[in-house]
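Q:
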Amino acid sequence: MDVTAELIKSSLYPWGALGVVAILLLLSSTLSGPLSKVPGPWHTRWTELVSKYYWVIGQKASYIQGLHVKYGPIVRVSPREVYIADPKAVQRVFKIKNEFPKSRWYLDFVPFNETIFNTPDIAVHRRFRRLLSSPLSESGLKIFLSQIEYKIDLAIRGMEEEYKTRGAADVYKWWLFMSTDVIGELSFGESFRMLESGKINQYITDLQGVGKLASYRSAFPSLFRFSLRFRIPLPLISKAQSYTHRIRKYSTDSINRYQAIIEKEGQEGLDARPTVFTKIYKAQDEESISLADVRNNAQAYIVAGSDTTSNTLSYLVWAVCHHPEVKSRLAKELEILSDDFTYDDMRQVHLPYLEHVIDETLRRFPAVPSGLPREVPEGGAELCGHHIPAGYTVTAQNYSLHRDADAFPDPETFDPSRWETPTQAMKDAFMPFGGGSRICIRLHLAKIELRLGAARFFKAFPNATVSYLEGMKDEDMSPKLFFLVAPQGHRCLVDLHQASSSPTMHDPRA
Ligand code: HEM
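Note that the working numbering has the sequence shown beginning at 23, numbered continuously upward.
#1: Which same chain residues, not among the five before or five after Ser332, have their C-beta less than 6 Å away from its C-beta?
#2: In terms of residue numbering, what span does the alpha helix (DSSP H) encompassing Pro56 cover?
#3: Once you ignore the five residues that flank Ser155 on each side, which residues in its own chain have a CB closer than 8 Å to its CB?
#4: Where do the N-terminal and C-terminal ends of the beta strand (DSSP E) with Gly393 fall, by residue?
#5: What does Ser100 pair with, by DSSP beta-bridge criteria?
#6: Along the chain, where does the beta strand (DSSP E) containing Glu121 start, and where does it finish?
#7: Within 6 Å: the Cβ of Thr415 and any heavy atom of ligand 1?
#8: Could you tell me whether any non-hydrogen atom of ligand 1 is closer than 6 Å to the CB of Ala326?
#9: From Glu317 to Asp228, what distance separates their C-alpha atoms?
#10: So Arg425 packs on Gln87, CB below 8 Å; how close in whole Å?
#11: Hey, Val507 and Pro346 are a contact pair by Cβ (cut 8 Å); roughly how many whole angstroms apart?
#12: So within the region 319 to 404, which uninterrupted alpha helix (DSSP H) runs reach at least 4 residues, ignoring any that extend past its ends?
#13: Locate the beta strand (DSSP E) running through Ala486, then write down its first and last residues.
#14: For Ser523, count neighbouring Cβ atoms within 10 angstroms of its own Cβ and tell me buried if that reaches 16, exposed if not.
#15: Check whether the Cβ of Val460 lies closer than 6 Å to any heavy atom of ligand 1, and answer yes or no.
#16: Where does Pro438 land, buried or exposed, given buried means 16+ other C-beta within 10 angstroms?
#17: What are the boundary residues of the beta strand (DSSP E) that Val410 is part of?
#18: Are Arg253 and Phe246 close, meaning C-beta to C-beta below 7 Å?
#19: Which residue comes first and which comes last in the beta strand (DSSP E) that contains Pro8?
#20: Report the residue ranges of all alpha helix (DSSP H) runs contained in full by the region 141 to 207; include only those spanning at least 4 residues, in chain order.
#21: Tell me which residues share the same chain as Glu400 and place their Cβ nearer than 6 Å to its Cβ, disregarding the 5 neighbours each side in the sequence.
#22: What does DSSP give as the partner residue(s) for Gln419 in the beta ladder?
#23: Apart from the five residues just before and just after His147, which ones in its own chain have a Cβ nearer than 6 Å to its Cβ?
#24: Who are the Cβ neighbours of Pro484 in its own chain at under 7 Å, not counting the five residues just before and after it?
#25: For Asp428, tell me which candidate among Gly407, Phe452, Phe210 and Ser310 has the shortest Cα-Cα distance.
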């Protein structure tokens, strides 16, 4: 017995010693690692599990903001990632020259196909960007104006009809139909016709389903890869796959239909409506991309171009309805326009307050509030007094930049008049459309929709107020902070015709 115990003891010693050495090595490597001097919670030296937790419950942006408040403008959130909130440092990361490429996280977030949105490869991105940018400018987008105006009209009419029977209109729903139908038409050459049917179609339901799973997939990419590789049927993954197959089929069919019309244009009275990809279909080989690439990028456009625009418009209407002084100033400015004004009419007159309301909405309720991760290029980077080595991730988020109290005093308050005299600090800290070479490719399209949508809404309903019908509460508009923002109640009920003297609520808070 004694001999056995001795034997066990003696064989345990080397293992125990090895274990101690391993722990010491791990300790010393994390305690002296490249990010060890960057301030941050103790656990972020070892793991990013805590921030992953906040990510999957849709609160990571506010969690990170809490860390900035506690630790300062640079904070370690994992052994290989820092967040920065100093506008000057952020400008250096999000610049066009010597760019910091998107991190590979984007490929886990939107897997399977490389697109203009998710590719970390600088050369691939440049090619996509060159081919997919046209038409980029506001004047280039003129050919689409009548389609956009028509769809905004349908949304306003839909709201009015709904109001008659329900006593309130759900602007969140109508703006979603509008922005999705617009981007569907501009990408596939045919609208999803949700404005006409008043219903969400299968394609958008599937896209929303994939979007919901994206936060889990990007938090636990190895689990997803493992399940796909070894065909282990995890329910979440099987669901994601069936969404993805349906989306791909719908997109392929749409692209093929459009391509067929392009080929027969002029014959049999066929006339293809212009899309943002028309030039690519007609381009010569060396300037072209494959139909699969068009399909994948069209899908990326639909995801990137629907909720972003519609949520911004919903928050705009909601915030303005909460502030009677803002609403009456905006309505007064819009009096210069006739009732059936067009976008061209809007551009002929000066509407500065409308621009301030839009900017303040984009600041206070950024459609993309969360971190935009970038990889530090060769040579590393000096940021906020710390050296961050090449290959590490540096991330900035609008949720923090737009709350920078030096740039935006009293940042929680919705105050469009702050944009009357924008300071350099405000300009540096304002990044609603991202920055550098990866800035939103369709920001001019988005701005057209925001200007027209907001102006037509408050021209038609100058006395609109927030509605509390059907148990609607301000908390329904509290933002869920995934990659994109979304009101957590998925509705925004508005009383379209209430007298302007109606009681107002407190300032909307996130
Ligand atoms: C209010 C509306 C919008 C906002 C606030 C917005 C915001 C943004 C932001 C912050 C980025 C940078 C993302 C990153 O760095 O990871 C981005 C990129 C992008 N946006 Fe938008 N967006 C809007 C509307 C649209 C629309 C209408 C489209 C239509 C196609 C679109 C397409 C894209 C694409 C394709 C990218 C990736 C660009 C690249 O990496 O080169 N966005 N957007």
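Each residue gets a CB set at the ideal place from its N, CA and C atoms; glycine is no exception.
All values reported here derive from a predicted model rather than from experimental measurement.
A: According to the data block:
#1: By one-based count along the sequence shown, residue 332 stands at place 310. Closer than 6 Å at the Cβ level, and outside the excluded window around Ser332, lie Trp197, Leu198 and Ser201.
#2: Within the sequence shown, residue 56 is the residue found at index 34, counting from 1. Where Pro56 is concerned, there is no enclosing alpha helix (DSSP H), given that its DSSP letter is neither H nor E.
#3: Indexing the sequence shown from 1 puts residue 155 at position 133. Within the same chain, Cβ atoms closer than 8 Å to the Cβ of Ser155 are found at Ile463, the five residues on either side in sequence being excluded.
#4: Counted from its first residue, the sequence shown places residue 393 at position 371. DSSP places Gly393 in the uninterrupted beta strand (DSSP E) bounded by Gly393 to Glu397.
#5: Position 78 of the sequence shown, counted from the first residue, corresponds to residue 100. Answer is Glu103, bridged to Ser100.
#6: Start at 1 with the first residue of the sequence shown, and residue 121 comes out as number 99. That residue, Glu121, is in no beta strand (DSSP E); it is neither H nor E in DSSP.
#7: Taking the first residue of the sequence shown as position 1, residue 415 is located at position 393. Between ligand 1 and Thr415, a heavy atom-to-CB distance of less than 6 Å is absent.
#8: Taking the first residue of the sequence shown as position 1, residue 326 is located at position 304. Result yes, Cβ under 6 Å from ligand 1.
#9: For the purposes of this step, residue 317 is taken as residue 295 along the sequence shown, with counting starting at 1. For the purposes of this step, residue 228 is taken as residue 206 along the sequence shown, with counting starting at 1. Sequence check: residue 317 is Arg here, not Glu. Cα to Cα, Arg317 sits roughly 16 Å from Asp228.
#10: As a working note, residue 425 is residue 403 in the sequence shown. As a working note, residue 87 is residue 65 in the sequence shown. About 7 Å separates the beta carbon of Arg425 from that of Gln87, a gap short enough to meet the 8 Å contact definition.
#11: Counted from its first residue, the sequence shown places residue 507 at position 485. Counted from its first residue, the sequence shown places residue 346 at position 324. Going by Cβ atoms, the distance from Val507 to Pro346 rounds to 25 Å, so no, they are not a contact pair.
#12: As far as the region 319 to 404 is concerned, its whole alpha helix (DSSP H) runs of at least 4 residues are 346 to 356, 365 to 370 and 374 to 386.
#13: Here residue 486 is taken as the residue at index 464 of the sequence shown, counted from 1. That residue, Ala486, is in no beta strand (DSSP E); it is neither H nor E in DSSP.
#14: As a first step, residue 523 is located in the sequence shown; it is residue number 501 there, counting from the start. Low confidence applies here, because Ser523 scores a pLDDT of 40, under 50, leaving its location unreliable; read the following figure in that light. The residue is exposed, with fewer than 16 neighbouring Cβ atoms inside 10 Å.
#15: Counting from 1 along the sequence shown, the entry for residue 460 is found at position 438. Looking at the sequence itself, residue 460 is Arg, so the reference to Val does not match. Because some heavy atom of ligand 1 lies under 6 Å away, the Cβ of Arg460 counts as near it: yes.
#16: Mapped onto the sequence shown, residue 438 falls at position 416. Looking at its Cβ environment, which holds 16 or more other Cβ atoms inside 10 Å, Pro438 is buried.
#17: Walking along the sequence shown from the start, residue 410 turns up at place 388. Before going on, a small fix: residue 410 reads as Ile here, not Val. Counting along the chain, Ile410 sits inside the beta strand (DSSP E) bounded by residues His408 to Ile410.
#18: Reading the sequence shown from its first residue, position 231 is the one you call residue 253. Reading the sequence shown from its first residue, position 224 is the one you call residue 246. Not a contact, by the Cβ cut-off of 7 Å.
#19: Residue 8 is absent from the model: the chain starts at 23 and stops at 532.
#20: The alpha helix (DSSP H) runs of length 4 or more contained entirely in the region 141 to 207 are, from start to end of the chain, 144 to 154 and 167 to 188.
#21: Translated into positions along the sequence shown, residue 400 becomes position 378. Around Glu400: Ala412.
#22: In the sequence shown, the residue the question calls residue 419 occupies position 397. Bridge partners of Gln419: Gly393.
#23: For the purposes of this step, residue 147 is taken as the residue at position 125 of the sequence shown. Within the same chain, His147 has close Cβ partners Thr141.
#24: Within the sequence shown, numbered from 1, the residue matching residue 484 stands at position 462. Excluding sequence neighbours, Pro484 sits near Ala353.
#25: One-based indexing of the sequence shown puts residue 428 at position 406. The shortest C-alpha separation from Asp428 is found at Phe452.
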